[in-house]
Amino acid sequence: MAPIRLAILETDTPVPKANEKYKGYLGVFTHLFRRAVAPEPLESVLTVTGHDVVAFPSTAYPDLDSIDAVLITGSKYNSFDNDDWILTLVEFTRKALIHPRVKVIGVCFGHQIVARTMGCLVQRSDKGWEVSVTDTALTDKGKEIFGDHESLKIQQMHRDQVYGIPAGAQLLASTEKCPNHGFLVPNRAITIQGHPEFTSDIMSELLSLRHEIGVFADDVFESGMQRNSDHHDGVDVTKVFIRFLRGEFDEKKDKDAQN
Numbered sequence: 007m008a009p010i011r012l013a014i015l016e017t018d019t020p021v022p023k024a025n026e027k028y029k030g031y032l033g034v035f036t037h038l039f040r041r042a043v044a045p046e047p048l049e050s051v052l053t054v055t056g057h058d059v060v061a062f063p064s065t066a067y068p069d070l071d072s073i074d075a076v077l078i079t080g081s082k083y084n085s086f087d088n089d090d091w092i093l094t095l096v097e098f099t100r101k102a103l104i105h106p107r108v109k110v111i112g113v114c115f116g117h118q119i120v121a122r123t124m125g126c127l128v129q130r131s132d133k134g135w136e137v138s139v140t141d142t143a144l145t146d147k148g149k150e151i152f153g154d155h156e157s158l159k160i161q162q163m164h165r166d167q168v169y170g171i172p173a174g175a176q177l178l179a180s181t182e183k184c185p186n187h188g189f190l191v192p193n194r195a196i197t198i199q200g201h202p203e204f205t206s207d208i209m210s211e212l213l214s215l216r217h218e219i220g221v222f223a224d225d226v227f228e229s230g231m232q233r234n235s236d237h238h239d240g241v242d243v244t245k246v247f248i249r250f251l252r253g254e255f256d257e258k259k260d261k262d263a264q265n
């Protein structure tokens with residue numbers, strides 16, 4: 007079987023030390039997928055390319071007919087803003103969602119972009135930030151696709167959220183602060199509000215930088231740093247992404263299996 011051709015739409019640059027280590031979000035996600043497919047070599051499962059859609063919005067996007075899937079990364083930007091590059095991203099996402107073959111993965115900002123494209127409201131939450139390793143409760147559908155998990159511990163870095171669930175989507179997870187922590191659109195898209203790609207080093211750097219400039223109060227920073235040492239399920243989430251890309255959650259395959 008040929009490797010799945012996955013285009014990473016890079017909507018931001020990692021914090022400085024992480025960027026130096028991984029060379030952008032392409033490197034961060036390549037590191038994540040490599041761990042998720044082990045002991046198989048990544049190259050036998052995925053062909054991963056990076057596309058800087060912030061700096062080069064008119065030239066960065068891949069030809070949808072030449073790829074199998076896109077992954078929209080997290081970002082410091084607001085997914086509900088109307089900057090030209092964000093509107094271009096929303097339009098590309100719309101085209102990807104209606105493409106007969108391409109699948110879409112959304113992570114944090116990417117989760118919100120997919121939801122926005124599908125007609126959901128995305129806004130700043132009045133409940134404040136969710137940061138660091140956070141326990142997210144799985145729905146029945148979430149438990150079905152995540153196997154043995156009753157909940158997921160996922161790195162978080164957001165205060166924006168999706169309100170409602172897109173038409174045709176199945177909610178996967180939620181928290182008290184954020185009811186929509188991810189959803190599945192069979193055959194089309196899977197999203198997660200958290201950051202499976204964040205290591206404890208990346209989260210520590212983010213928390214420290216945002217604390218230093220006054221974004222996070224002492225209590226938010228100290229709580230986040232304490233929980234950052236907890237186990238999180240980022241690799242398990244990514245294994246589900248791969249199963250999604252392989253078509254394991256497609257409705258047609260489910261129906262065929264019943265016949």
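So for the sequence shown, the working numbering puts the first residue at 7; every next one is plus one. Even glycine gets a Cβ: it sits at the ideal position worked out from N, Cα and C.
Quiz item: Buried or exposed: which applies to Asp260, given that a residue is buried once 16 or more other Cβ atoms fall within 10 Å of its Cβ?
Solution: Residue numbering aside, residue 260 sits at position 254 when the sequence shown is read from its first letter. Since pLDDT at Asp260 reaches only 44, below the 50 mark, its modelled position is unreliable, and the value read off the structure follows with that caveat. Exposed: under 16 other Cβ atoms inside 10 Å.
Exercise. Hey, could you find the ends of the alpha helix (DSSP H) Asp245 is sitting in?
Key: As a working mapping, residue 245 is identified with position 239 in the sequence shown. Per the sequence shown, the amino acid found at residue 245 is Lys instead of Asp. Run containing Lys245: 240-251, per the alpha helix (DSSP H) assignment.
Quiz item: With 16 as the cutoff for other CB atoms within 10 Å, does Asp154 come out buried or exposed?
Solution: Counting from one through the sequence shown, the residue named residue 154 turns up at place 148. Exposed, since its Cβ has fewer than 16 Cβ neighbours within 10 Å.
Quiz prompt | Contact set for Ala42: own chain, Cβ-Cβ below 7 Å, skip 5 residues either direction | solution = In the sequence shown, counting from the first residue as 1, residue 42 sits at position 36. Same-chain partners within the cutoff: Val241, Thr244, Lys245, Ile248.
Quiz item: Quick one: what does DSSP say Leu215 is sitting in, helix, strand or coil?
Solution: Against the sequence shown, residue 215 aligns to sequence position 209. Correct three-state label for Leu215: helix.
Practice problem: Check the C-beta distance from Ala173 over to Met124 and give it rounded, since I have them as a contact under 8 Å. | Solution: Translated into the one-based positions of the sequence shown, residue 173 becomes position 167. Translated into the one-based positions of the sequence shown, residue 124 becomes position 118. That belief holds up - the Cβ atoms of Ala173 and Met124 are roughly 7 Å apart, short of 8 Å.
Quiz item: In the structure shown, what three-state DSSP assignment does His57 receive?
Solution: Sequence index remark: in the sequence shown, residue 57 carries index 51 (1-based). Looking at His57 - three-state DSSP - the assignment turns out to be strand.
Self-check item: Sequence-distant residues of its chain with Cβ nearer than 6 Å to Ala263 (five each side left out)
Solution: Working through the sequence shown from its first residue, we reach residue 263 at position 257. Any reading at Ala263 must be qualified, since the residue scores a pLDDT of 42, below 50, and its modelled position is unreliable; no value is offered.
Quiz item: Which residues bound the alpha helix (DSSP H) around Cys32?
Solution: The sequence position of residue 32 within the sequence shown is 26, counting from 1. Cys is not the amino acid found at residue 32; the sequence shown has Leu there. Note, Leu32: alpha helix (DSSP H), 31-43.
Exercise. Go through its chain and collect everything with a Cβ distance to Ile78's Cβ below 6 Å, but skip five positions before and after it.
Key: For the purposes of this step, residue 78 is identified with residue 72 of the sequence shown, where counting begins at 1. Answer for Ile78: Leu15, Gly112, Gly116, Ile119, listed in chain order.
Self-check item: Top-ranked residue by Cα proximity to Val191, from Glu97, Pro22, Arg130, Glu257
Solution: The sequence position of residue 191 within the sequence shown is 185, counting from 1. Ranking Glu97, Pro22, Arg130, Glu257 by Cα distance to Val191 puts Glu257 first.
Quiz item: What are the residues that DSSP puts in a beta bridge with Gly112?
Solution: Stepping through the sequence shown from its first residue, residue 112 is reached at position 106. Paired residue(s): Ile78, Thr197.
Quiz prompt | Top-ranked residue by Cα proximity to Thr139, from Asn193, Phe98, Asp207 | solution = Within the sequence shown, residue 139 is the residue found at index 133, counting from 1. According to the sequence shown, residue 139 is Val rather than Thr. Selected option, being the one with the closest Cα: Asp207.
Quiz prompt | DSSP-derived helix/strand/coil call for Ala8 | solution = Sequence index remark: in the sequence shown, residue 8 carries index 2 (1-based). Note: Ala8 maps to coil in three-state DSSP.
Exercise. Name, in chain order, the residues that DSSP records as bridge partners for Ser157.
Key: Indexing the sequence shown from 1 puts residue 157 at position 151. Beta-bridge pairing links Ser157 to Ala143.
Self-check item: Same chain, Cβ closer than 6 Å to Thr19, neighbours up to 5 away in sequence not counted
Solution: Working through the sequence shown from its first residue, we reach residue 19 at position 13. Cβ neighbours of Thr19 beyond the five flanking positions: Asn25.
Quiz item: Does the pairing of the segment 225-239 with the segment 29-38 give three or more beta-carbon distances under 8 Å?
Solution: no
Quiz item: Does the count of Cβ pairs from the segment 159-173 and the segment 135-151 closer than 8 Å reach three?
Solution: yes
Quiz item: Alpha carbon to alpha carbon, how far is Ile10 from Asp69?
Solution: The residue labelled residue 10 in the question sits at position 4 within the sequence shown. The residue labelled residue 69 in the question sits at position 63 within the sequence shown. Taking the straight line from one Cα to the other gives about 15 Å.
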